[in-house]
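Protein chains in written order, with the working numbering: chain A, 1 to 213; chain B, 214 to 419.
I have placed the structure first, in the form of structure tokens, so that the comments after it can refer back to it.
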């Protein structure tokens with residue numbers, strides 16, 4: 001059929017991890033768009049690195065053309081598939097929240113480096129001094145945004161956006177290290193509950209490779 | 214006031230300049246609200262993320278500099294001519310931000326000359342040499358006529374040109390290895406309407 005011919009072929013290459021690439025995976029799934037979920041092992045990477053023009057992952061290939069930068073990719077797919085707000089201002093808010101989430105990743109990263117044994121350090125100290133303050137600082141804001149949006153299980157507007165998916169994944173990852181961290185943010189948890197209740201997403205979460213992050 | 218737009222930021226270029234340039238290039242009037250530190254301390258809690266810049270559109274606030282730049286660029290036609298071009302503008306901007314975050318501590322270092330030189334050599338130069346070849350590659354594959362992406366001015370052109378002009382003033386020679394980038398920066402800064410703004414804007418150190 002002509003419509004299938006018109007659709008580009010998509011291949012998403014990333015290490016065997018969820019990270020920010022997972023947002024794009026779930027956008028493909030939510031929109032019912034076929035894509036190749038290409039996972040590269042750390043052992044394979046040195047030999048493959050040259051093939052990826054920007055020397056980093058994830059990379060989205062659209063009809064064979066490589067594109068790096070996880071959030072730029074997620075935004076592009078969100079726009080293509082309709083998960084980018086109902087108007088330009090909503091879209092801008094979704095982007096602002098995603099950039100704020102990136103700041104959160106920077107703030108909490110040192111805790112994960114220690115907790116995952118990549119860097120020497122006292123995990124309990126890192127939890128108290130790095131992780132918990134970072135969660136409080138950013139999630140107080142996200143909780144307020146979700147409430148100000150009407151506590152309708154979305155952060156922006158009345159439909160799923162890529163930011164809903166992003167936070168849903170963050171909560172999942174961090175909760176596995178620090179259970180109960182998000183109990184103080186029920187409106188955020190409601191967004192996660194709504195995302196994960198979508199049948200296609202629920203099914204994906206059950207069958208996807210189980211990774212720590 | 215009947216102005217639709219207000220940009221709230223400190224009286225510096227910093228993370229507000231690209232937004233100001235977009236308004237000027239589009240010929241759209243806006244309130245350029247340059248606030249003091251004491252004004253900020255009372256305003257902070259009333260902003261979405263406790264940070265500046267903040268853009269107000271018909272009284273509705275928007276935070277995060279790149280979200281603001283992208284929003285204005287899309288409204289005014291400086292975001293690329295297709296979804297794929299807009300994507301490459303975003304990719305380039307994100308790459309640029311990662312590089313700038315790495316290099317900032319080295320550029321801003323105030324200490325001994327020796328420590329500064331070490332930071333430049335061990336931090337700034339490797340960050341530059343990781344990013345600028347990618348920028349050249351992007352410009353070659355996706356840009357034309359003196360632009361990094363596409364054939365007309367985009368917000369990432371403005372972002373990179375602003376950064377490069379600071380480097381050219383404070384660290385001359387730092388970008389000598391990247392003449393194609395410098396040529397594009399030069400073309401951007403020579404855009405007549407932008408040149409007008411550069412000449413009349415308030416003069417601040419950064």
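From the three backbone atoms N, C-alpha and C, an ideal C-beta is built for every residue, glycine too.
- For residue 221 of chain B, there is no enclosing alpha helix (DSSP H); the residue is found in the beta strand (DSSP E) stretching over 218–222.
- The Cβ atoms of residue 116 of chain A and residue 212 of chain A lie closer than 9 Å to each other.
- Note on residue 266 of chain B: 16 or more other CB atoms within 10 angstroms of its CB, so buried under the neighbour-count rule.
- The continuous stretches of beta strand (DSSP E) do not include residue 189 of chain A, which lies in the alpha helix (DSSP H) extending over residues 186–197.
- Here residue 210 of chain A carries a coil assignment [DSSP, helix/strand/coil].
- Between residue 410 of chain B and residue 234 of chain B, the C-beta gap is smaller than 9 Å, which places the two residues in contact.
- Secondary structure in the segment 58–124 of chain A: the alpha helix (DSSP H) runs of 4 residues or longer, each lying completely within the stretch, are 70–81 and 88–115 in chain order.
- Contact holds between the segment 15–25 of chain A and the segment 33–46 of chain A, because three or more Cβ pairs, one in each stretch, are under 8 Å apart.
- When the alpha-carbon of residue 132 of chain A is set against those of A:180, A:31, A:146 and A:204, the nearest one is in A:180.
- Going by beta carbons, residue 95 of chain A and residue 8 of chain A fall outside the 9 Å limit.
- In the DSSP secondary-structure assignment, residue 10 of chain A is bridged to A:62.
- Interface flag for residue 35 of chain A against chain B is unset, since no Cβ pair is found closer than 9 Å.
- Taking 8 Å as the upper bound for CB-CB distance, residue 156 of chain A and residue 93 of chain A are in contact here, some 5 Å apart.
- Per DSSP, reduced to three states, the secondary structure at residue 36 of chain A is strand.
- In this structure, the alpha-carbon of residue 280 of chain B lies about 16 Å from that of residue 83 of chain A.
- Within the same chain, no Cβ atom closer than 7 Å to the Cβ of residue 207 of chain A is found once the five residues on either side in sequence are excluded.
- Put simply, the backbone Cα of residue 236 of chain B is about 22 Å away from that of residue 397 of chain B.
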